[in-house]
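Numbering (my numbering), first residue to last: 1217 to 1615.
We put the beta carbon where it would ideally sit given N, CA and C, even for glycine.
As the structure is a computational prediction, the values presented were derived from the model and not from experiment.
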């Protein structure tokens, strides 16, 4: 009886996570604690950073059977067999199917569309140019990533971080990195994207001050015109048709974004609008965050490649901000001082954080100068712009 008891204890010990807990797992668990702290204490993108961090914690606890990287890695001798995943996968494998099938990012865009007011963009269509200019960081970072030894698929996944749009980053990387065996994972891309979105108040203002003069920061813009309901209804339909025809690869994201906005602006489907804004958005956010966090296994994060991703992410975001401001300066020059260059930095897709920084830096020069609504135009244009940039990358990179 005693020997049976001892054998049982030995079996339990051998099967416990402690028996195979490596230093890499410990490092990743500590990193997850750091991100939880940032999300809870400093409120850095908590809605997604917190579930991502907890997904990271779960996947790096050994022997839990929650996530199996080998099931997703066809280079390791496995075909991507969804039947096999459903039969042999763990809970996080099941949730990750929504990322792999590009369902979660598209549904997130549906919710974003229901919450977005495109009136500032409709009232000032020139904002589209600022939103487009801010995407320059994506394509310049693509070149930089290729120069650092990443292949086209990896470089495209890293470059999209420059759009400062988490769902778009996840969508692009899940397609470009779908075969597995790459230096980076979807989780590391998402982690970098959401981290830099949270750091907008730290990254953008110094660049904005550096590239503008006090005279430019003092520029006052005329009040935006009133936008009719008819314009608001026609806008999402027109944008969907134009972008789907020009860049078909962007249709899933732009189409869902505009569908959500049409729900909102039509005013006839309040129940659907509220569901997409709240319940659906919250559920998908949980599933997306936890499943993306699950892909941050130690082998992929504790590497030189991950450090390169972090560096390139900063460059992408910084260049995107700078290109928006510089184009804003050009518009200021062309319009003879009617455009404040600070609103150009809002062309990145971090809504509404980037627009708030335009208001904040402008208010430092003149507390009575209100730029927020003017900055919201480029800001929401950046959401569309990042989706279009994603479509361009997906069109030119084989996947």
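The alpha helix (DSSP H) enclosing residue i, as first and last residue numbers
i, result
"residue 1615", "From DSSP, residue 1615 is part of no alpha helix (DSSP H); its letter is neither H nor E."
"residue 1276", "First-last for residue 1276: undefined, no H or E at that position."
"residue 1347", "1343 to 1349"
"residue 1286", "Premise fails: residue 1286 is in no alpha helix (DSSP H) and is neither H nor E."
"residue 1468", "1467 to 1482"
"residue 1331", "1319 to 1331"
"residue 1304", "1298 to 1304"
"residue 1434", "Here residue 1434 belongs to no alpha helix (DSSP H), and DSSP marks it neither H nor E."
"residue 1259", "That residue, residue 1259, is in no alpha helix (DSSP H); it is neither H nor E in DSSP."
"residue 1443", "Residue 1443 -> no alpha helix (DSSP H), and no H or E assigned at all."
"residue 1368", "1368 to 1375"
"residue 1649", "The requested residue 1649 does not occur in the structure, where the chain is confined to residues 1217 to 1615."
"residue 1616", "There is simply no residue 1616 to check, as the chain begins at 1217 and stops at 1615 in what is shown."
"residue 1337", "1335 to 1339"
"residue 1491", "1486 to 1491"
Which listed residue (the options) has its alpha carbon closest to that of residue i
i, options, result
"residue 1416", "1530, 1588, 1361 and 1332", "1530"
"residue 1460", "1584, 1362, 1608 and 1491", "1608"
"residue 1403", "1395, 1420, 1385 and 1360", "1385"
"residue 1408", "1376, 1424 and 1328", "1376"
"residue 1520", "1366, 1422, 1576 and 1567", "1366"
"residue 1399", "1362, 1425 and 1422", "1362"
"residue 1475", "1252, 1450 and 1413", "1450"
"residue 1195", "1328, 1511 and 1585", "In the structure as shown, the chain starts at 1217 and stops at 1615, and residue 1195 therefore has no counterpart that could be examined."
"residue 1534", "1427, 1469, 1436 and 1481", "1427"
"residue 1263", "1440, 1487 and 1382", "1382"
"residue 1311", "1339, 1284 and 1424", "1284"
"residue 1246", "1324, 1258, 1269 and 1257", "1269"
"residue 1616", "1255, 1370, 1471 and 1581", "Since the first residue of the chain shown is 1217 and the last is 1615, residue 1616 is not available in this structure."
"residue 1499", "1252, 1422, 1300 and 1323", "1323"
"residue 1597", "1369, 1411, 1448 and 1349", "1349"
"residue 1613", "1261, 1372, 1304 and 1352", "1372"
"residue 1355", "1532, 1580 and 1462", "1532"
"residue 1393", "1317, 1528 and 1357", "1317"
"residue 1505", "1272, 1334, 1578 and 1603", "1272"
"residue 1429", "1600, 1542, 1455 and 1462", "1542"
"residue 1467", "1564, 1425, 1258 and 1321", "1321"
"residue 1602", "1313, 1507, 1378 and 1280", "1378"
"residue 1503", "1576, 1265 and 1351", "1265"
"residue 1599", "1482, 1333, 1486 and 1576", "1333"
"residue 1261", "1411, 1469, 1512 and 1425", "1411"
Residues of its chain near residue i, where Cβ-Cβ distance is below 8 Å and the 5 sequence neighbours each way are ignored
i, result
"residue 1238", "1278 and 1514"
"residue 1554", "1435, 1437, 1438 and 1548"
"residue 1338", "1443, 1447, 1448 and 1451"
"residue 1432", "1545, 1548, 1556, 1557 and 1558"
"residue 1241", "1276, 1277, 1278 and 1514"
"residue 1304", "1284 and 1287"
"residue 1299", "none"
"residue 1518", "1240, 1243 and 1244"
Beta-carbon contacts of residue i that lie in its chain and below 7 Å, excluding the five residues immediately before and after
i, result
"residue 1524", "1364"
"residue 1492", "1326, 1327, 1330, 1476 and 1479"
"residue 1420", "1537, 1561, 1570 and 1573"
"residue 1589", "1336 and 1440"
Residues near residue i in its chain [Cβ-Cβ closer than 6 Å; skip 5 each side]
i, result
"residue 1293", "Residue placement at residue 1293 is poorly supported in this model, since its pLDDT is 47, which falls under 50; the coordinates are not used for a value here."
"residue 1478", "1452"
"residue 1562", "1570, 1571, 1574, 1591, 1594 and 1595"
"residue 1282", "1274, 1306, 1307 and 1308"
"residue 1465", "1607, 1610 and 1611"
"residue 1248", "1269, 1272 and 1273"
"residue 1566", "1380, 1413 and 1416"
"residue 1577", "1421, 1424 and 1558"
Contact test: residue i Cβ vs the ligand MN heavy atom, cutoff 7 Å
i, result
"residue 1614", "In the structure on display, the ligand MN does not appear, and there are no ligands present to speak of."
Checklist entry - What alpha helix (DSSP H) runs, 4 residues minimum, are completely inside the stretch 1494 to 1582? => result Annotation note: the stretch 1494 to 1582 contains the following uninterrupted alpha helix (DSSP H) runs of length 4 or greater, listed N- to C-terminal: 1497 to 1510, 1514 to 1517, 1520 to 1550 and 1569 to 1581.
Item to check | Sequence ranges, alpha helix (DSSP H) only - wholly within the stretch 1378 to 1429, length at least 4 | outcome: Runs found: 1382 to 1392, 1402 to 1414 and 1416 to 1427.
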